[in-house]
Amino acid sequence: MHQPLKSRTAAEALVDQLVINGVEHVFCVPGESFLPVLNALRDRDITITVCRHEGGAAMMAEAIGKATGQPGVCFVTRGPGATNASAGIHVARQDSTPMIMFVGQVERGVKEREAFQELDYRAVFGSMTKWTTEIDDPERVTELVSRAFYTATSGRPGPVVIALPKDVLSERVSVANAPAFKQVETSPGEEEMAELAALLATAERPLIVLGGSRWSLTAREQIEQIATRTGLPVATSYRRGTLFDPLHPRYAGDLGLGPNPKLVARAKAADLLVLVGGRLGEIPSQGYALLDSPAPLTRLVHIHPGAEELGRVYRPQLAIHASPARFVAALARLDIATNPSWREAADAAHADYLAWTETATPQPGDVNLGEVMTWLRDNVPADTILCNGAGNYASWIHRFYRFRNYMTHIAPTSASMGYGMPAAIAMQRLHPERLVLSVNGDGDFLMSGQEFAIAVQYSLPIIVVVCDNGMYGTIRMHQEREFPGRVAATELHNPDFAAYARAFGGFGANVERTADFPAAFAAARESGLPSIIHLKIDADAILPGATLSGIRKTALEKA
Ligand SMILES: Cc1ncc(C[n+]2csc(CCOP(=O)(O)OP(=O)(O)O)c2C)c(N)n1
Ligand SMILES: [Mg+2]
Numbered sequence: 001m002h003q004p005l006k007s008r009t010a011a012e013a014l015v016d017q018l019v020i021n022g023v024e025h026v027f028c029v030p031g032e033s034f035l036p037v038l039n040a041l042r043d044r045d046i047t048i049t050v051c052r053h054e055g056g057a058a059m060m061a062e063a064i065g066k067a068t069g070q071p072g073v074c075f076v077t078r079g080p081g082a083t084n085a086s087a088g089i090h091v092a093r094q095d096s097t098p099m100i101m102f103v104g105q106v107e108r109g110v111k112e113r114e115a116f117q118e119l120d121y122r123a124v125f126g127s128m129t130k131w132t133t134e135i136d137d138p139e140r141v142t143e144l145v146s147r148a149f150y151t152a153t154s155g156r157p158g159p160v161v162i163a164l165p166k167d168v169l170s171e172r173v174s175v176a177n178a179p180a181f182k183q184v185e186t187s188p189g190e191e192e193m194a195e196l197a198a199l200l201a202t203a204e205r206p207l208i209v210l211g212g213s214r215w216s217l218t219a220r221e222q223i224e225q226i227a228t229r230t231g232l233p234v235a236t237s238y239r240r241g242t243l244f245d246p247l248h249p250r251y252a253g254d255l256g257l258g259p260n261p262k263l264v265a266r267a268k269a270a271d272l273l274v275l276v277g278g279r280l281g282e283i284p285s286q287g288y289a290l291l292d293s294p295a296p297l298t299r300l301v302h303i304h305p306g307a308e309e310l311g312r313v314y315r316p317q318l319a320i321h322a323s324p325a326r327f328v329a330a331l332a333r334l335d336i337a338t339n340p341s342w343r344e345a346a347d348a349a350h351a352d353y354l355a356w357t358e359t360a361t362p363q364p365g366d367v368n369l370g371e372v373m374t375w376l377r378d379n380v381p382a383d384t385i386l387c388n389g390a391g392n393y394a395s396w397i398h399r400f401y402r403f404r405n406y407m408t409h410i411a412p413t414s415a416s417m418g419y420g421m422p423a424a425i426a427m428q429r430l431h432p433e434r435l436v437l438s439v440n441g442d443g444d445f446l447m448s449g450q451e452f453a454i455a456v457q458y459s460l461p462i463i464v465v466v467c468d469n470g471m472y473g474t475i476r477m478h479q480e481r482e483f484p485g486r487v488a489a490t491e492l493h494n495p496d497f498a499a500y501a502r503a504f505g506g507f508g509a510n511v512e513r514t515a516d517f518p519a520a521f522a523a524a525r526e527s528g529l530p531s532i533i534h535l536k537i538d539a540d541a542i543l544p545g546a547t548l549s550g551i552r553k554t555a556l557e558k559a
């Protein structure tokens, strides 16, 4: 049924369409270009989080999309806002996350003159998004917003950008709403599943690798049950550790940065690799070294919801065009002829995983980040959400922390710095009752550290850990490998991050010895405030298994 004639503005129609599609949170930095939208949001049941930087707003929206599978939504202003936000758009692209960004645009009558803050969004975002458009006809606002939900979520999910010329938003429209979008599903056919059963029947050393997006808690439970029943060993891809219980006896570990060499050897020795979701990109494929491209010697079964990803890098033995969730449901119904060798291999792989991750490695300095991670692992609730960005500090998270519950790790596969702060804010907005941690490097943190003000503004008791080694450690590590002893542009002089927290109205603590971490953490929780724990890390402690001085020495010996 059509709405009464001209009953609302295009901005109101847009916001109504968001409500219909189940949007509960939007993130923004305001701009004069979309004031009618802000005005409409006031009267709707949508929570606004106002941010300090559009990169933060976009990453918060991305984090919501990643965690829920429903598009995360943000609003930013024209040129300067949109370009700031591009960092979050790129994360959504590489992570296959559904996300919709609305961006202001100049009035239709002055377009193409390079008016104030004007940008050609289709040109700027064209290669990063699944679809970038501009709404020139206010009567088409609900159609195009509805399409954005379909485009962002279907096939391989990703970001959509919609530009809103200023004068369009305040025009009155008579257009009807579209009903709520419904996820478009892709399921495997009987033929593909029969072929998979035949491949499994002859597999001596199969390995399942889980990755990508379009999972669900049900799918995770199903794949765990399948692994229990069949004995099939299961690994997870880079930053997809929450797709499988790490303490499940068939869990083989994660194929990410700095993986267990024994897992890499297992993956290389597999005679059947079943990649469920994910693209086996540069990081999980260990620099494209795991499989030969374009013709892998290992038989590869690739399951992906985006048809264009199948056969893109590797010519698979069997390509299955399906979402991970639908594929796993079909796999649960498949009659699989199991081989006792699978279970033995899975037991060995799991034992190797536990041995690799159980105990922190010795480190130079008084704070051992591995021991901090094992302490957190053993002391925080299983539904705690941990968010992080990029830096070597994350190696200790990957190796020693264990993500017990589904979607408890929110981190970018694009390894974008500055993600851990905004992601934690978004997760605490989404789950006010859960403990949310943001673990950062010192470089990483100050890329989005201003968003701590937002945590204070909305009383979000996130606990932020800043791992301060006084440098852009990852880059320094590469520098020492390639140009030993020639330090340039990698040193950092840091503030007192605990004092920083207090200046914003939060709780702050400095930790200079591992043994002091539990008390600082307890005090942070008791404060009920957004908190920062400033960890002093020795610069030589560059990786769980290497020192900076050792890397330099090896490089000098080679030179
Ligand atoms: C936005 C962005 N800029 C630059 C980089 C390149 N980069 C990767 S890790 C890193 C250093 C991270 O430093 P820090 O956060 O202090 O962590 P550390 O490696 O010292 O533990 C840099 C500059 C990146 N990944 N993302
Ligand atoms: Mg650092």
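Letter by letter, the sequence shown follows residues 1 to 559 of UniProt numbering.
Glycine included, C-beta positions come from ideal geometry on N, C-alpha and C.
Note that this is a predicted model, so its numbers are computed, not measured.
Query                                                                                                                                                                                                      : Result
Taking only three categories from DSSP, how would you classify Q450?                                                                                                                                       : helix
Name the residue from G370, L386, A345, A382 whose alpha carbon lies nearest to the alpha carbon of A267.                                                                                                  : A345
Who are H409's beta bridge partners in DSSP?                                                                                                                                                               : L386
Going by C-alpha to C-alpha distance, which of L41, D43, A203, A57 sits closest to R343?                                                                                                                   : A203
Is DSSP giving T338 helix, strand or coil here?                                                                                                                                                            : coil
Note down, in chain order, each residue of its chain lying with its Cβ closer than 8 Å to the Cβ of P284, except the 5 sequence neighbours on either side.                                                 : V209, G211, S237, Y238, L255, G256, G278, L290
Helix, strand or coil for L435? Go by DSSP, reduced to three states.                                                                                                                                       : coil
Cβ of M421 versus every heavy atom of ligand 2: is any distance shorter than 6 Å?                                                                                                                          : no
Can you look up T153 in the DSSP assignment and give me helix, strand or coil?                                                                                                                             : helix
Sorted by chain position, which residues of the same chain lie with C-beta nearer than 8 Å to R140's C-beta, five sequence neighbours on each side aside?                                                  : V175
Can you give me the C-alpha to C-alpha distance between M193 and A330, rounded to a whole angstrom?                                                                                                        : 8 Å
I think residue 561 touches H25, with their Cβ atoms under 8 Å apart; what is that distance to the nearest whole Å?                                                                                        : Since the first residue of the chain shown is 1 and the last is 559, residue 561 is not available in this structure.
Can you tell which of A332, G69, Q94 has its C-alpha closest to the C-alpha of K130?                                                                                                                       : Q94
Hey, how far is the Cα of Y121 from the Cα of G79?                                                                                                                                                         : 9 Å
Buried or exposed for P294, please, with buried defined as at least 16 other CB atoms from any protein chain shown within 10 angstroms of its CB.                                                          : exposed
What is the C-beta distance between F310 and A322, in whole angstroms, given that I count them as a contact (C-beta under 8 Å)?                                                                            : Reading off the sequence, residue 310 comes out as Leu, not Phe. L310 to A322, Cβ: 10 Å. No contact.
Does the beta-carbon of M471, which I'm using as the reference point, lie nearer than 6 Å to any heavy atom of ligand 2?                                                                                   : yes
If I measure Cβ to Cβ from F403 and keep anything under 8 Å in the same chain, skipping five residues before and after, which residues do I get?                                                           : G241, T242, P246, L386, H409
Report whether the distance from the Cβ of D292 to the nearest heavy atom of ligand 2 is below 6 Å.                                                                                                        : no
My output table needs one value for G420: the three-state DSSP class, helix, strand or coil.                                                                                                               : helix
Among T384, A63, A57, which has the Cα closest to the Cα of T413?                                                                                                                                          : A63
Are three or more beta carbon pairs between the region 497-509 and the region 528-535 nearer than 8 Å?                                                                                                     : yes
State the DSSP-derived secondary structure class of K130, mapped to helix, strand or coil.                                                                                                                 : coil
With distance defined between alpha-carbon atoms, name the residue in C28, L35, P98 nearest to N84.                                                                                                        : C28
Using a 10 Å radius around the Cβ and a threshold of 16 neighbouring Cβ atoms, would you call N379 buried or exposed?                                                                                      : exposed
Under 7 Å, do V161 and T186 count as touching if we go by C-beta distance?                                                                                                                                 : no
Quick check on the DSSP output: what are the complete alpha helix (DSSP H) runs of length 4 or more inside the UniProt domain "Thiamine pyrophosphate enzyme central" (194-331), in order along the chain? : 217-230, 261-269
Among L263, L217, T230, which has the Cα closest to the Cα of F244?                                                                                                                                        : L217
Please determine whether the Cβ atom of G449 lies at a distance below 6 Å from any heavy atom of ligand 2.                                                                                                 : no
What do you reckon, is the C-beta of A515 under 6 Å from a heavy atom of ligand 1?                                                                                                                         : no
Could you have a look at I463 and say whether DSSP puts it in helix, strand or coil?                                                                                                                       : strand
From S416 to R113, what distance separates their C-alpha atoms?                                                                                                                                            : 34 Å
Might you give, ordered along the chain, the residues of its own chain that have their beta carbon closer than 8 Å to the beta carbon of S341, omitting 5 neighbours on each side?                         : E204, R205
Can you tell me the Cα-Cα spacing of I100 and L273, whole angstroms?                                                                                                                                       : 34 Å
Could you give the distance in angstroms between the alpha-carbon of T554 and the alpha-carbon of E491?                                                                                                    : 21 Å
Here's the rule: buried if 16 or more other CB atoms are within 10 angstroms of the residue's CB, otherwise exposed. What is D292?                                                                         : exposed
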